[in-house]
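>
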Amino acid sequence: GQGMLGGVLWYGGLIAILIAGRVEGHAQVAPALSYGLSQGSIVIAALCGLIIWKEFADADAKVKTYLGLMLFLLVVGTGLVSYATAS
Numbered sequence: 625g626q627g628m629l630g631g632v633l634w635y636g637g638l639i640a641i642l643i644a645g646r647v648e649g650h651a652q653v654a655p656a657l658s659y660g661l662s663q664g665s666i667v668i669a670a671l672c673g674l675i676i677w678k679e680f681a682d683a684d685a686k687v688k689t690y691l692g693l694m695l696f697l698l699v700v701g702t703g704l705v706s707y708a709t710a711s
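Residue 711, in the working numbering, is where the sequence shown stops; the numbers in between run on with no holes.
1) Considering only the beta carbon of each residue, do Phe-696 and Val-687 sit closer than 8 angstroms?
2) For Val-653, does the three-state DSSP call read helix, strand or coil?
3) Tell me whether the segment 669-685 and the segment 638-649 touch, counting them as touching only if at least three CB pairs, one residue from each stretch, are closer than 8 angstroms.
4) Check whether the Cβ atoms of Leu-724 and Leu-691 lie closer than 8 angstroms to each other.
5) Given a threshold of 16 other Cβ atoms within 10 Å of its Cβ, counted over all protein chains shown, does Ser-706 qualify as buried or as exposed?
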């Protein structure tokens, strides 16, 4: 059910990113932007798990701290790599 729907959505996003990477001319997406958007999907998936499905609602404060740190580092790292490839 939900797993299959998630797979279909992920595959649709993958196809969209691959198509956007092959477009030429004025509609071409910068590689840094394409990378940032593809890696941003990981952040969105993590936030959905944490906020919508409350996967770690009963976790210790230490675990929640690590989750917040992980999300922060992922966002910063993705931003830095996207910025580096854009320069």
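Even glycine gets a Cβ: it sits at the ideal position worked out from N, Cα and C.
Let me spell this out:
1) Translated into the one-based positions of the sequence shown, residue 696 becomes position 72. Translated into the one-based positions of the sequence shown, residue 687 becomes position 63. No, Cβ-Cβ distance for Phe-696 and Val-687 is not below 8 angstroms.
2) For the purposes of this step, residue 653 is taken as the residue at position 29 of the sequence shown. Here Val-653 carries a coil assignment [DSSP, helix/strand/coil].
3) With the cut-off at 8 angstroms, the segment 669-685 and the segment 638-649 do not touch.
4) Nothing in the structure corresponds to residue 724, since the chain is present only between 625 and 711.
5) As a first step, residue 706 must be located in the sequence shown, where it is residue number 82. Flag for Ser-706 reads buried.
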